[in-house]
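Just so you know, the protein sequences line up as chains A and B, in that order. Just so we're aligned: 377 in the working numbering is position 377 of the first sequence, and the numbers increase by one with no gaps anywhere. Just so we're aligned: 238 in the working numbering is position 238 of the second sequence, and the numbers increase by one with no gaps anywhere.
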Amino acid sequence: MTFLTPALAWLGLAAASIPIIIHLLNRRRFTRVDWAPMKYLKLTVQSNKRRLQIEQLLLLLLRVLAMLLLFATVARPMVSRGGFGSWLAGDQRKSQVIVIDDSMSMAQASLDGGHIFDRAKSAAIEMVRRANASDQTTVFTTSHPESPLARQSQIDGAGDLVRSISDLKPSHLMNQWATTFEWVNDYFESAAYPIREVVLVTDLRSAGWNAEIAKRTEEWSEQQATVTIVDVGRPLESNQLVTELRQISPVALAGSPTRFVAIVENASEESVPELKATLFVSGTPQSITVPPLDPNSRVEVPLRLLFSEPGRQRIRLELPDDLLNEDNSRFLVVDVRSSLSITMVDGDPRPTAFQSETDFLAASCSAGRAPWQVDVVRSASEIRLDESRPDVLVLANVGTIETDLAIQLEKLVRDGMGLVVYTGELVDPKSYNDLLFKNGQGILPARLKESAQDKITGMIIESVGNSPVEILTQLSPETLSRIKPHTIFGVAEFAADSTRVLASWKGTELAPALLERSFGNGRVYLWTVSADRDWSDWPQEPSFVLATRQTMEFAAAQEPSRANVTAGDLLQSRLQLADFPTEAKAIAPGLEGAFDLSVDATATGPRLRYENTRRSGFYQFTWTDRDGQLQSDDFAVSIDPRESDAKRLTEEQLDTYLKDVDWQLLSIGAADSNLDNQAELWRTGAMIFLGLIGCESLFAAWIGRER
Amino acid sequence: MSDSSAYSNSPYFDPNMIGPISAVGLRVRKPMEGSISGLHRSPLHGVSPEFADYRSYTPGDDLRNLDWRVYGRSDRFYIKRYEEESNLRAYIVLDASASMNYERESGTKFRAGATLAVSLAATLLRQRDAVGLHTFNTTGEAHLRMSSSESQLRKILNVLESVQPSGETDLARVMHSLADQIPRRGLVILISDMLTDLDSLYDAMGKVLYGGHEMLIFHTLDRDEVELPFKGSVLFRDIEGSEELFAEPRAFRMAYKKAMEAFIGQVEQRCRATGIDYIRLFTDEDTGHHVSHFLRERHRQ
Numbered sequence: 001m002t003f004l005t006p007a008l009a010w011l012g013l014a015a016a017s018i019p020i021i022i023h024l025l026n027r028r029r030f031t032r033v034d035w036a037p038m039k040y041l042k043l044t045v046q047s048n049k050r051r052l053q054i055e056q057l058l059l060l061l062l063r064v065l066a067m068l069l070l071f072a073t074v075a076r077p078m079v080s081r082g083g084f085g086s087w088l089a090g091d092q093r094k095s096q097v098i099v100i101d102d103s104m105s106m107a108q109a110s111l112d113g114g115h116i117f118d119r120a121k122s123a124a125i126e127m128v129r130r131a132n133a134s135d136q137t138t139v140f141t142t143s144h145p146e147s148p149l150a151r152q153s154q155i156d157g158a159g160d161l162v163r164s165i166s167d168l169k170p171s172h173l174m175n176q177w178a179t180t181f182e183w184v185n186d187y188f189e190s191a192a193y194p195i196r197e198v199v200l201v202t203d204l205r206s207a208g209w210n211a212e213i214a215k216r217t218e219e220w221s222e223q224q225a226t227v228t229i230v231d232v233g234r235p236l237e238s239n240q241l242v243t244e245l246r247q248i249s250p251v252a253l254a255g256s257p258t259r260f261v262a263i264v265e266n267a268s269e270e271s272v273p274e275l276k277a278t279l280f281v282s283g284t285p286q287s288i289t290v291p292p293l294d295p296n297s298r299v300e301v302p303l304r305l306l307f308s309e310p311g312r313q314r315i316r317l318e319l320p321d322d323l324l325n326e327d328n329s330r331f332l333v334v335d336v337r338s339s340l341s342i343t344m345v346d347g348d349p350r351p352t353a354f355q356s357e358t359d360f361l362a363a364s365c366s367a368g369r370a371p372w373q374v375d376v377v378r379s380a381s382e383i384r385l386d387e388s389r390p391d392v393l394v395l396a397n398v399g400t401i402e403t404d405l406a407i408q409l410e411k412l413v414r415d416g417m418g419l420v421v422y423t424g425e426l427v428d429p430k431s432y433n434d435l436l437f438k439n440g441q442g443i444l445p446a447r448l449k450e451s452a453q454d455k456i457t458g459m460i461i462e463s464v465g466n467s468p469v470e471i472l473t474q475l476s477p478e479t480l481s482r483i484k485p486h487t488i489f490g491v492a493e494f495a496a497d498s499t500r501v502l503a504s505w506k507g508t509e510l511a512p513a514l515l516e517r518s519f520g521n522g523r524v525y526l527w528t529v530s531a532d533r534d535w536s537d538w539p540q541e542p543s544f545v546l547a548t549r550q551t552m553e554f555a556a557a558q559e560p561s562r563a564n565v566t567a568g569d570l571l572q573s574r575l576q577l578a579d580f581p582t583e584a585k586a587i588a589p590g591l592e593g594a595f596d597l598s599v600d601a602t603a604t605g606p607r608l609r610y611e612n613t614r615r616s617g618f619y620q621f622t623w624t625d626r627d628g629q630l631q632s633d634d635f636a637v638s639i640d641p642r643e644s645d646a647k648r649l650t651e652e653q654l655d656t657y658l659k660d661v662d663w664q665l666l667s668i669g670a671a672d673s674n675l676d677n678q679a680e681l682w683r684t685g686a687m688i689f690l691g692l693i694g695c696e697s698l699f700a701a702w703i704g705r706e707r
Numbered sequence: 001m002s003d004s005s006a007y008s009n010s011p012y013f014d015p016n017m018i019g020p021i022s023a024v025g026l027r028v029r030k031p032m033e034g035s036i037s038g039l040h041r042s043p044l045h046g047v048s049p050e051f052a053d054y055r056s057y058t059p060g061d062d063l064r065n066l067d068w069r070v071y072g073r074s075d076r077f078y079i080k081r082y083e084e085e086s087n088l089r090a091y092i093v094l095d096a097s098a099s100m101n102y103e104r105e106s107g108t109k110f111r112a113g114a115t116l117a118v119s120l121a122a123t124l125l126r127q128r129d130a131v132g133l134h135t136f137n138t139t140g141e142a143h144l145r146m147s148s149s150e151s152q153l154r155k156i157l158n159v160l161e162s163v164q165p166s167g168e169t170d171l172a173r174v175m176h177s178l179a180d181q182i183p184r185r186g187l188v189i190l191i192s193d194m195l196t197d198l199d200s201l202y203d204a205m206g207k208v209l210y211g212g213h214e215m216l217i218f219h220t221l222d223r224d225e226v227e228l229p230f231k232g233s234v235l236f237r238d239i240e241g242s243e244e245l246f247a248e249p250r251a252f253r254m255a256y257k258k259a260m261e262a263f264i265g266q267v268e269q270r271c272r273a274t275g276i277d278y279i280r281l282f283t284d285e286d287t288g289h290h291v292s293h294f295l296r297e298r299h300r301q
């Protein structure tokens with residue numbers, strides 16, 4: 001037995017001597033009487049001596065015990081559960097929910113060579129074993145609250161449950177405790193017994209704890225549920241992690257270098273020397289050097305990769321082992337195209353070279369060895385979008401837009417095609433505004449006004465990030481000041497949302513030069529200048545080539561792929577309406593073999609869906625299409641870097657989250673997997689104390705009666 | 001009898017006690033051998049009784065001796081006394097051991113006993129009976145020879161006033177001694193708390209009874225000695241010795257009371273069995289009333 005306030009217990013030992021002292025002092029206070037019938041007095045005393053001694057001893061014992069118990073109870077005794085301790089603690093039937101934290105941080109290595117999660121499992125097993133057979137117990141992991149290991153069961157023997165717990169592995173998820181506690185409340189709703197207990201076996205990392213928790217735990221204080229938090233965590237002194245692996249180049253083309261960046265963080269108080277990381281590209285490893293890192297700092301590691309083949313490629317960056325290996329890797333799937341197809345519509349074709357609208361554009365796009373395929377058509381009527389959809393469609397000074405074309409453009413952009421519009425003297429604003437802007441609901445970023453002459457002194461690149469013209473900021477200011485069109489197209493209101501001004505003309509007032517709008521899976525870029533030399537000499541500048549190529553790349557880039565997600569997110573593949581897949585299967589990391597996949601029929605076509613992304617790594621869907629061809633789709637699931645935050649909750653913070661809830665914190669020894677069981681006895685002690693006081697009073701009255 | 005005012009300065013002379021007792025008088029049941037004509041039947045036969053005088057009738061008197069002519073004249077009852085009525089020789093034996101010194105609010109047992117002794121002596125002397133006194137303890141004895149003279153009461157008072165209760169109680173030895181000393185049949189009145197070896201005592205009293213004497217025991221106790229009224233812790237010291245006993249009377253009061261009542265009952269029972277008249281007196285009672293009532297009842301038997 002231990003005490004929360006041992007000093008009081010010691011004081012109680014000393015206080016227990018008070019009745020004895022009083023008893024002894026009382027013997028010093030007496031009346032002297034000279035007595036004649038001594039013989040009869042002695043006879044009476046002798047015949048009652050034993051009884052009197054026993055009574056006095058019992059009374060003294062009761063008083064000593066009462067004093068001991070009073071102080072012991074106030075000192076808050078704790079005793080191991082099970083057996084007599086359990087009986088003493090007065091276990092009553094209760095409904096108990098045991099929550100095992102299996103978030104990513106639980107995979108932290110522990111001192112004894114295992115992992116913190118091993119200690120968590122031991123603690124959970126211990127709690128299960130100590131549950132009374134009459135209790136109703138629910139056990140679930142934070143990654144799978146909907147599939148508990150035991151649901152409101154009366155544990156008898158617990159063999160199967162113990163095995164299930166032993167087989168658990170930590171997930172790669174970041175736990176949202178508010179959601180977990182909602183599940184606890186759900187289970188309590190159908191709990192049979194009024195006495196409720198929640199046991200959280202966790203490493204007490206602060207990630208996932210937020211203000212929403214207090215709303216969930218309000219019910220616990222109303223139900224007078226008790227909360228026991230078993231802390232199996234330990235500080236994480238040193239950890240390095242990859243927080244991001246991202247494609248920088250808008251489009252990845254086979255045979256053309258594609259830029260990526262990896263961000264590596266040193267989450268420790270000590271510097272880390274140069275690290276040798278391994279980059280796997282489609283399974284082929286290569287060594288990557290991560291520069292030295294200062295304490296609590298991060299570094300960007302640029303990567304240039306050359307893909308030889310088109311298709312979905314897998315990239316994995318892996319750091320050397322440390323105390324938490326789960327965050328050392330980051331996964332990425334990249335859609336590598338064989339080429340970038342660009343179709344340009346020349347609204348004002350001319351026979352003389354570099355007089356047409358698209359001559360300079362085509363020349364810019366044909367530069368270099370990148371596999372860009374540029375097709376130029378001389379009128380909008382020549383576009384054959386039904387036959388093949390280009391990656392980017394360019395409208396250069398196209399005068400009017402037909403309704404059919406507008407409808408087709410909207411669908412294609414929504415599906416992912418990029419659209420770049422260059423204005424010019426032939427552009428009919430009404431046509432564009434009616435069919436492409438559509439009062440802000442269309443694909444055009446802004447409403448066109450009229451072209452007008454202005455004294456432009458240069459181009460300003462807006463600091464908005466992820467912009468095709470951001471690269472121009474690397475040029476000298478004089479370069480940008482040479483971009484001086486004499487005529488630009490004015491714009492009025494912008495489209496409802498997702499419209500950005502990426503560059504502006506520096507004239508009598510700032511006027512948008514380049515606008516961007518995301519629409520569905522595609523993007524639309526609107527230049528308020530012509531692509532030829534009618535309005536400016538910019539096409540002759542090298543910056544025009546740079547700006548044009550970047551605009552095409554960004555237009556070709558689709559919205560962030562649903563193929564790269566965070567652990568816990570849904571994986572899905574949307575197929576064509578007419579294509580109903582058969583034999584749909586999924587392959588997941590950590591699981592052997594392929595297993596059946598859910599296929600949902602939606603209004604836009606069949607959808608393959610998979611929800612159990614509790615481990616990071618590469619997932620794959622495979623299915624057979626209507627032509628009998630095997631199709632596949634790859635996904636990359638990475639951990640949420642917030643789960644690597646080593647900060648632990650303090651008791652004050654727990655008090656805030658568990659306001660008005662009766663909670664206690666139990667710790668588990670670093671090298672000892674046995675639970676430091678702390679069942680409180682103060683209630684039992686208080687009851688016994690009251691009983692003792694009652695007995696003492698009754699007994700004292702009884703032996704004090706005349707006999 | 002001398003005027004009671006002569007004895008009023010004595011602590012043991014209590015007219016309130018003497019009055020009721022004297023009104024009843026003290027008689028014996030057995031025939032006595034007295035030196036002068038007295039109240040009591042004589043064992044001697046063949047002597048013609050001659051009228052001597054009258055005395056007031058007391059209930060229990062033989063009605064054959066009632067003078068009806070006096071009744072007719074005066075409407076009062078008088079008994080004729082005859083010359084041949086023998087006087088009584090009474091020995092008052094008063095326990096003067098230390099145990100008789102137990103004192104509470106009502107005074108010591110010795111005082112109560114001594115006052116009773118004086119009252120009985122006064123009654124007997126009034127009856128022209130002879131009375132002697134014997135007080136005793138282990139440290140010494142005081143003996144006053146039998147006499148029916150008027151000065152005998154004063155002598156009794158003097159002796160009693162000079163006695164200091166002390167020492168242990170050895171009643172048996174005293175009774176043995178008395179049995180040898182008393183030459184003629186008489187009445188032996190024992191006033192004591194009887195806190196002694198009863199077996200030895202009754203042996204000795206048997207000897208007295210064998211000598212033809214009549215015995216009368218006034219068992220004098222303080223009520224405290226039976227009730228044990230003390231609260232809290234008490235250190236009891238043996239009044240006749242050095243023994244001490246620490247106890248809390250409340251815890252065994254009832255048991256003690258039973259023991260004392262058993263003791264008293266045993267004394268009474270043994271007295272009855274041996275033909276000894278017995279009365280228990282508490283020091284806080286109206287002794288005169290109790291004794292007169294007792295004597296009246298005794299005379300009826």
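Ideal Cβ positions, reconstructed from N, Cα and C, are used throughout, including at glycine. Since this is a predicted model, take the numbers as computed values, not measurements.
#### Entry: Environment of residue 528/A [buried if 16+ CB atoms lie within 10 Å]
When all chains shown are included, residue 528/A counts as buried.
### Task
Using a Cβ-Cβ cut-off of less than 8 Å, list which residues of the region 21–52 of chain A approach chain B; keep chain order.
In summary, the residues of the region 21–52 of chain A whose CB is separated from some CB of chain B by less than 8 Å are 26, 27, 29, 30, 31, 32, 33, 34, 35, 36, 37, 38, 39, 40, 41, 42, 43, 44, 45, 47, 48, 52, in the order they occur in the chain.
### Query
Just reading off the alpha helix (DSSP H) that residue 182/A is part of, what are its end residues?
177–189
### Same chain only: Cβ atoms within 8 Å of residue 169/A, ignoring 5 sequence neighbours per side
102, 117, 590
### Query
Quick check: the region 68–77 of chain B against the region 118–133 of chain B, are there 3 or more CB pairs under 8 Å?
Result no; under three Cβ-Cβ pairs closer than 8 Å.
### Message
Check this for me: beta carbons of residue 257/A and residue 304/A, under 8 Å apart or not?
### Response
yes
#### Entry: Residues that residue 703/A contacts on chain B, provided the C-beta gap is smaller than 7 Å
251
### Query
How far does the beta strand (DSSP E) with residue 517/A in it reach, from first residue to last?
510–519
### Message
Tell me the residue span of the beta strand (DSSP E) that contains residue 220/A.
### Response
In this chain, residue 220/A is not harboured by any beta strand (DSSP E); it is covered by the alpha helix (DSSP H) spanning 212–222.
#### Entry: Residue-chain proximity (residue 286/B, chain A), Cβ-Cβ < 8 Å
no
### Range covered by the alpha helix (DSSP H) that runs through residue 259/A
Boundaries around residue 259/A are those of the beta strand (DSSP E), 257–266, since no alpha helix (DSSP H) includes it.
### Query
Would DSSP call residue 347/A helix, strand or coil?
coil
### Query
Would residue 289/A pass as a contact of residue 274/A if the rule is Cβ separation under 8 Å?
yes
### Task
Measure how close the beta-carbons of residue 608/A and residue 572/A come, nearest whole angstrom, since I'm counting them as under 8 Å.
Confirmed, Cβ separation roughly 6 Å.
#### Entry: Span of the beta strand (DSSP E), counted from its first residue to its last, around residue 316/A
311–318
### Task
Select from the region 95–106 of chain B all residues with a C-beta closer than 7 Å to any C-beta belonging to chain A, and list them in chain order.
So the close ones are 99, 102.
### Query
Would DSSP call residue 34/A helix, strand or coil?
strand
#### Entry: Residue range of the beta strand (DSSP E) that includes residue 243/A
240–247
### Task
Tell me whether residue 263/B sits in a helix, a strand or coil according to DSSP, three-state version.
helix
### Query
What residue range is occupied by the uninterrupted beta strand (DSSP E) comprising residue 330/A?
329–337
### Task
Using a Cβ-Cβ cut-off of less than 7 Å, give me the residues of the region 167–200 of chain B that come near chain A, in sequence order.
193, 195
### Query
Cβ of residue 149/A within 8 Å of Cβ of residue 125/A?
In this structure, residue 125/A does not lie closer than 8 Å to residue 149/A by Cβ.
### Test item: CB-CB of residue 178/A and residue 198/A under 8 Å
No, Cβ-Cβ distance for residue 178/A and residue 198/A is not below 8 Å.
#### Entry: Buried/exposed call for residue 489/A, threshold 16 Cβ in 10 Å
Result: buried.
### Task
Have a look at residue 493/A and residue 656/A and give me their C-alpha separation to the nearest angstrom.
48 Å
### Task
Compare the C-beta of residue 245/B against all C-beta atoms of chain A and say whether one is closer than 8 Å.
When Cβ-Cβ separations below 8 Å define contact, residue 245/B makes contact with chain A.
### Query
When the Cα of residue 164/B is compared with those of 289/B, 177/B, 142/B, which residue comes out closest?
142/B
### Query
Using the beta-carbon of each residue, which ones in chain A are nearer than 7 Å to residue 88/B?
What residue 88/B touches in chain A: nothing, since even the nearest Cβ is about 32 Å away.
### Message
Could you check whether the Cβ of residue 264/B sits closer than 8 Å to any Cβ belonging to chain A?
### Response
no
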